[in-house]
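Single-structure report; data block below.
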Amino acid sequence: MSPPPNRPKAGDSPLGALAPAQGAEGSLVNLLEFDHEGLAAFCEQLGEKRFRATQLFRWIHHKGASDFSQMSDLAKSLREKLAKRAEIRPLTVATEQASADGTIKWLFDVGGGNAVESVFIPEDDRGTLCVSSQAGCAVGCRFCSTGHQGFSRNLSTGEIIAQLWFAEHHLRKRLNLAEGERAITNVVMMGMGEPLQNYAALVPALRMMLDDHGYGLSRRRVTVSTSGVVPMIDRLRDDCPVAMAVSLHAPNDTLRDDLVPLNRKYPIAELLDACNRYLEAAPRDFITFEYCMLDGVNDTPEHAQQLVKLVRDKVSCKFNLIPFNPFPESGLKRSPRERVTAFARILQDAGVVTTIRKTRGDDIDAACGQLAGEVQDRTRVKERISTRSPIRIHREGQHGWSDTQNKQETKA
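Okay, so the sequence shown: first residue is 1 according to the UniProt record's numbering, each after it adds one.
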């Protein structure tokens, strides 16, 4: 077996993404790595007009083309250039599992012994895709199995968007949707990893999701969830503001230092200030605070009252209370349902909008905290896929899925 990777300290994961392939001699450029502007620059390198990028972008992302021969409105000479210099490189699907409730989970092999997962959550009036941004996670939250097992690497822009590319066009065919109908109406960056610690790859992927020539998603329907990387929250506000969810999980710094080690670098006061700055440009007028309910740790009436004092009249927000999915190494337990309900009532009585998340996909390990995050043996990825133990992820997918939460947070 390969040795486990060194675990970076919380907050020290590299912020840069893997650079897009530059077409070194003998290699092909993966066009999934390029947002619209990047694709225009590539077209110029080919000696083509920039407007060709719009045609190419639509074929790839709107129509789901994977072969240049399908692109009938491109000149034959351009299609021949593309075939020699570029490719559309999807991720390898290792497994697909469908839940009794309609949830679908895909495991993607991203090479080097690493695998990431995406989860599709269908609703009557929307389809939400939970997307991963890293293989592993460096933040190291106590209640997160992925964090316990360490950080492997950032995903590239192409690997992030390829999850949406595959899910959208695979589901369109499966559901027999007409051209123009969307299978995916909402995206949540809540799969494996801390999105804001992979900022350079994240932002181009977000822009591709929002691009009307591609997926055409509303900023209100794309959500980035973060543990609180304050400088990157500020950068996202300026570069590509979308809906924001923050993994809070504690009402004070002493407890949050223990549960979310990143808090030692960016304490709650700094985080809330960043949230207020973000709201100045955000497409929604509130921040969602995610709060994983841990038995005897953060779930007492006193904790609820501290939360009220922390946020009331200070930051426009709502709370999403999340059932914990236990794993052996955590030493933690799920809060009893009645305690969660009482906790929610304290917040609601104080005028703080609060929901309790209902889990989805439990039977296929796709509920909160059950996505694959283990470091795979580099020589036995697919063999181990079928025998691995349940794994928890660090973002919203890490806490389970709520019909109520999805409807309130992702509905435009």
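For every residue, glycine included, the Cβ atom is placed at its ideal position computed from N, Cα and C.
Just so we're clear, the structure is a prediction, and the values are computed from it rather than from any experiment.
- Between the alpha carbons of C275 and K84 lies a distance of about 47 Å.
- In this structure, L91 is the residue among L91, C141 and G351 with its C-alpha nearest to the C-alpha of E117.
- Residue state for I268 is assigned as helix, using DSSP reduced to three classes.
- In the three-state scheme derived from DSSP, where H, G and I count as helix and E and B as strand, L217 is classed as coil.
- Under DSSP, the beta-bridge partners assigned to P122 are G127.
- For the pair P261 and A94, the Cα-to-Cα distance works out to about 33 Å.
- Residue state for R235 is assigned as helix, using DSSP reduced to three classes.
- Pairing H249 with F343 gives a Cβ-Cβ distance that is not under 9 Å.
- Each of K63, R52 and R89 was checked against the Cα of K76, and the nearest Cα belongs to R52.
- In the DSSP assignment, the residues bridged to I287 are C317.
- Put simply, of D258, P323 and I233 the residue whose alpha carbon is nearest the alpha carbon of L279 is I233.
- Counting every other CB atom within 10 Å of its CB across the protein chains shown gives G140 a total of 16 or more, marking it as buried.
- In the structure shown, G111 falls within a strand segment according to DSSP collapsed to helix, strand and coil.
- The stretch 13-100 is shown to contain whole alpha helix (DSSP H) runs of 4 or more residues at 36-45, 52-57 and 76-85, in chain order.
- Inclusion of V246 and E290 in the CB contact set at 9 Å is warranted, their separation being smaller than that value.
- A residue is called buried when at least 16 other Cβ atoms come within 10 angstroms of its Cβ; L175 does not meet this threshold and is exposed.
- The continuous stretches of beta strand (DSSP E) do not include A138, and DSSP gives it neither H nor E.
- In this structure, the straight-line span from the alpha carbon of S227 to that of Q70 is close to 42 Å.
- At the C-beta level, T355 and N325 stay beyond 9 Å of one another.
- As the crow flies, the alpha-carbon of E87 is around 36 Å from that of A100.
- Rounded to whole angstroms, the Cβ separation of S133 and G191 is 7 Å, and the two are in contact under 8 Å.
- Taken atom to atom, the span from the alpha-carbon of H169 to that of L307 is near 42 Å.
- Taking all protein chains shown into account, Q45 has fewer than 16 neighbouring C-beta atoms within 10 Å of its C-beta and is therefore exposed.
- Contact between M209 and L217 holds: CB atoms are separated by about 5 Å, below the 8 Å threshold.
- The beta carbon of G147 is closer than 6 Å to those of C137, V139, G140, C141 and H394 in its chain, skipping five residues each way along the sequence.
- Secondary structure at N186: strand, using DSSP grouped into helix, strand and coil.
- As DSSP reads the structure, I322 sits in a beta bridge with C292.
- In the DSSP assignment, V229 falls outside any alpha helix (DSSP H), carrying neither H nor E.
- In this structure, P323 places its C-beta atom within 9 Å of the C-beta atom of T359.
- The beta carbon of A281 sits closer than 6 Å to those of R237 and P241, all from its chain and outside the five residues before and after it, given in chain order.
- Considering only M244, L78 and H62, the residue with the shortest C-alpha distance to R50 is L78.
- In this structure, the alpha-carbon of R345 lies about 12 Å from that of R337.
- Contact between N298 and L255 holds, with the beta-carbon distance rounding to 6 Å and staying under 8 Å.
- Annotation for R235: Y199 place their beta carbon closer than 8 Å to its own, counting only its chain and skipping 5 residues before and after.
- When secondary structure is reduced to three states using DSSP, R345 falls in the helix class.
- Boundaries of the alpha helix (DSSP H) harbouring A162: T157 to L175, taken from the DSSP string.
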